[in-house]
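For reference, the structure is listed below as C-alpha cells.
Numbering (the working numbering), first residue to last: 10 to 473.
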C-alpha cells in the first residue's frame, strides 16, 4: 500500500509517494532527490498536528520501517538542514566567546586599577593605619580590612543582678556548662566628631559619627549549646529561630530591643586580667551585630574556680569592628574556628604591618589576630527602670510558688520578669493580643487588668 507523505524543507514543500514498508534510509534517499540535502545533513521531525515541527528529531536505525515511526498516509515531515544549524550555532558560540573575552579583559583592567590605587594609598598614608592593616584577596578582588579606631558604642550600662544570675547557673553546674543570654534594653544615640577609617577606604578623616550608649533592662536565655569550653546560641532549627523572634517581639512590646549578648567563658581565658572575644565568639558576635545593629555589644564574663575553692568572675564589654561584620556577611571566615587567638580565613590575606622604623612589612596569611576585630567598651553599673531580674524558671518551681514568693508586690512589678512573660505568652495569655496590653501596663507601671490577673491565677492553680 502506497502512502503520500508531505515534505516541508528549507528548499520548498513536496509530496512523496512511498510504500508503507520502506525503510528509513530509503526515505532519506528519496528526500535527497527532492531537496538535494544529503542524508547526513537531514534532521527529520514529525508534525505536532498544528503545522509545526515537534522538538524531538527522529532517531532510529536505517532499517527501521517508516510505518513503525508513525508515518501514515498524509503525514507531514519537517526536514531541516543540520549542517546549517551547526554553522549558526558555531557563529553564535564565537560571538559569545568574543563577548566573554571583552568582559574578562575589562574586569581584569578594573581589578588592576583598584589594586594599584589601594597599594599606592596604603604606602602614602601608612602612618594613619594603626598597628594592623590588612588587604584581603578573595575571588581575585582586593578588599580592605582595617584596624578600627572609633567605637560605635561608647558605653555599656549593665545590671549586676542579671550578670550574677548567669554566673550562678554556671557555678551550679560545677563549671561544666557555660551560659549565654540576649540583652534587651535601649540605645541612647548622639553624634560626635571623630577620626575614622571607613570600610574599603584608607585615609583617616574627621566625620560626624552617631555613637550610642547601650542600656541593659533585662535579659533572656535563648536555646543554646554549652559545655565547659564555652557556649553558642542554637538558632539553626526553625523552632528555635521562632522562639528568638518571639522574644524580640516581646521586648518590642516593652519598648525595648536586642542590644547585646552576654556569655560566660572559662576563667583560664582571663589572661593578664583582660578577657577578649575568642575566634568562635567573635564570629557569633559579628553575626548578631549584623542582625541587630551597629550598637550591639557583647559582654564576656569569665567564670571559674580558684585554688581556695571559691568561684571567680569578672566582666568585659566588647564590640565587633565594622570590618569583621562585613567579612561575616560575605562568608569570608572559616566555619570551624579552631584557634582562640586567630580568626581563620577562607583565602589568603595580605597583611601589612608597620614596623618601629615606620617601614611596612608585607605578610601573606590565612589567619588574623582576634585583637584586630574588636574594641573594648567601658562598663557602667545602673538600675533598671521597670524590669526585674529574670529569675522565674519552670525548673525551680511552679508559677504558684513564684506568685507566693512575690505576693507583696503589685502585679505590674510581679510580672516584670522577662522569663515569666515568655512563659505566660505560651500559656494562658495570647502573644499577639494580650501580651502587648500587659507589657504596656508594666512599662507605664499601671495596674494589670483584672481579667489578666484571673487568667494567671487560674494557670497557677492548674500548675500546683
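Just so you know, even glycine gets a beta-carbon here, dropped at the ideal spot from N, CA and C.
Cross-strand partners of residue 334 (DSSP beta bridge): By one-based count along the chain shown, residue 334 stands at place 325. The partner list for residue 334 (beta bridge, DSSP) is empty, contrary to what the question assumes.
Straight-line Cα distance separating residue 265 from residue 461: Within the chain shown, residue 461 is the residue found at index 452, counting from 1. Within the chain shown, residue 265 is the residue found at index 256, counting from 1. Using only the alpha carbons, I get a separation of about 22 Å.
Rounded separation between residue 252 and residue 56 - CA only: For this step, residue 252 is matched to residue 243 along the chain shown. For this step, residue 56 is matched to residue 47 along the chain shown. Taking the straight line joining both Cα atoms gives about 59 Å.
C-alpha distance - residue 383 paired with residue 173, whole-angstrom precision: Here the question's residue 383 lines up with position 374 in the chain shown. Here the question's residue 173 lines up with position 164 in the chain shown. Rounded to whole angstroms, residue 383 to residue 173 spans 25 Å at the Cα level.
Separation of residue 72 from residue 31, as counted between CA atoms: The residue you call residue 31 lines up with position 22 of the chain shown. The residue you call residue 72 lines up with position 63 of the chain shown. Residue 31 and residue 72 have their alpha carbons spaced roughly 9 Å apart.
Cβ distance (whole Å) where residue 27 is taken to contact residue 75 below 8 Å: Taking the chain shown and counting its residues from 1, one reaches residue 27 at position 18. Taking the chain shown and counting its residues from 1, one reaches residue 75 at position 66. Residue 27 to residue 75, Cβ: 7 Å. Contact.
Cross-strand partners of residue 420 (DSSP beta bridge): In the chain shown, residue 420 corresponds to position 411, counting from 1. Under the DSSP definition of a beta bridge, residue 420 lacks any partner.
Sequence-distant residues of the same chain with beta carbon closer than 7 Å to residue 161, five excluded per side: Indexing the chain shown from 1 puts residue 161 at position 152. Answer for residue 161: 220, 221, 303, 304, 328, listed in chain order.
C-beta atoms of residue 381 and residue 256 nearer than 8 Å: To locate residue 381, count along the chain shown from 1; it is residue 372. To locate residue 256, count along the chain shown from 1; it is residue 247. No, these two residues do not count as a Cβ contact at 8 Å.
Those residues which DSSP pairs with residue 3 across a bridge: Here the chain has residues from 10 to 473 only, and residue 3 is not among them.
Cβ separation of residue 91 and residue 51, assumed to be a contact under 8 Å, to the nearest whole Å: In the chain shown, the residue the question calls residue 91 occupies position 82. In the chain shown, the residue the question calls residue 51 occupies position 42. Right, the Cβ-Cβ distance comes to about 7 Å (below 8 Å), so this counts as a contact.
DSSP-derived helix/strand/coil call for residue 382: Mapped onto the chain shown, residue 382 falls at position 373. The answer is helix: DSSP assigns residue 382 an H, G or I state.
Boundaries of the alpha helix (DSSP H) in which residue 169 is found, first to last residue: Stepping through the chain shown from its first residue, residue 169 is reached at position 160. Run containing residue 169: 169-181, per the alpha helix (DSSP H) assignment.
Residue 47 to residue 67 span [Cα, whole Å]: Taking the chain shown and counting its residues from 1, the one referred to as residue 47 is at position 38. Taking the chain shown and counting its residues from 1, the one referred to as residue 67 is at position 58. Their backbone Cα atoms lie some 16 Å apart in a straight line.
Supposed contact pair residue 86 and residue 53 - C-beta distance, whole angstroms, cut 8 Å: As a position in the chain shown, residue 53 is number 44, starting the count at 1. As a position in the chain shown, residue 86 is number 77, starting the count at 1. Cβ-Cβ separation between residue 53 and residue 86: approximately 6 Å, consistent with a contact (criterion under 8 Å).
Status (buried if at least 16 other CB within 10 Å, exposed otherwise) for residue 434: Here residue 434 refers to the residue found at position 425 of the chain shown. Buried: at least 16 other Cβ atoms inside 10 Å.
Three-way DSSP call (helix, strand, coil) for residue 147 in this model: Reading the chain shown from its first residue, position 138 is the one you call residue 147. For residue 147, the predicted structure reports a pLDDT of 46, less than 50, and the residue's modelled location is therefore unreliable. A value from the coordinates is still provided. In this structure, residue 147 counts as strand in the three-state DSSP scheme.
Residues bridged to residue 74 (per DSSP): Sequence index remark: in the chain shown, residue 74 carries index 65 (1-based). Under DSSP, residue 74 shares a beta bridge with 32.
Residue 186 versus residue 345 - alpha carbon distance: Working through the chain shown from its first residue, we reach residue 186 at position 177. Working through the chain shown from its first residue, we reach residue 345 at position 336. In this model, residue 186 and residue 345 are separated by some 21 Å (Cα to Cα).
The segment 237-249 in contact with the segment 417-426 per 3-pair CB rule at 8 Å: Contact between the segment 237-249 and the segment 417-426 is absent, because fewer than three Cβ pairs lie under 8 Å.
Test item: CB-CB of residue 441 and residue 164 under 8 Å: Along the chain shown, one-based indexing puts residue 441 at 432. Along the chain shown, one-based indexing puts residue 164 at 155. Their beta carbons are not under 8 Å apart, which means residue 441 does not touch residue 164 by this criterion.
Residue 407 versus 465, 385, 375, 17, residue with shortest Cα-Cα distance: Along the chain shown, one-based indexing puts residue 407 at 398. Considering only alpha carbons, the answer is 465.
Cutoff 8 Å; reference residue 170; Cβ partners in own chain excluding five residues on either side: Stepping through the chain shown from its first residue, residue 170 is reached at position 161. Cβ within range, chain order: 398.
Residue-chain proximity (residue 254, chain D), Cβ-Cβ < 8 Å: Looking at the structure shown, chain D is missing, and only one protein chain is on hand.
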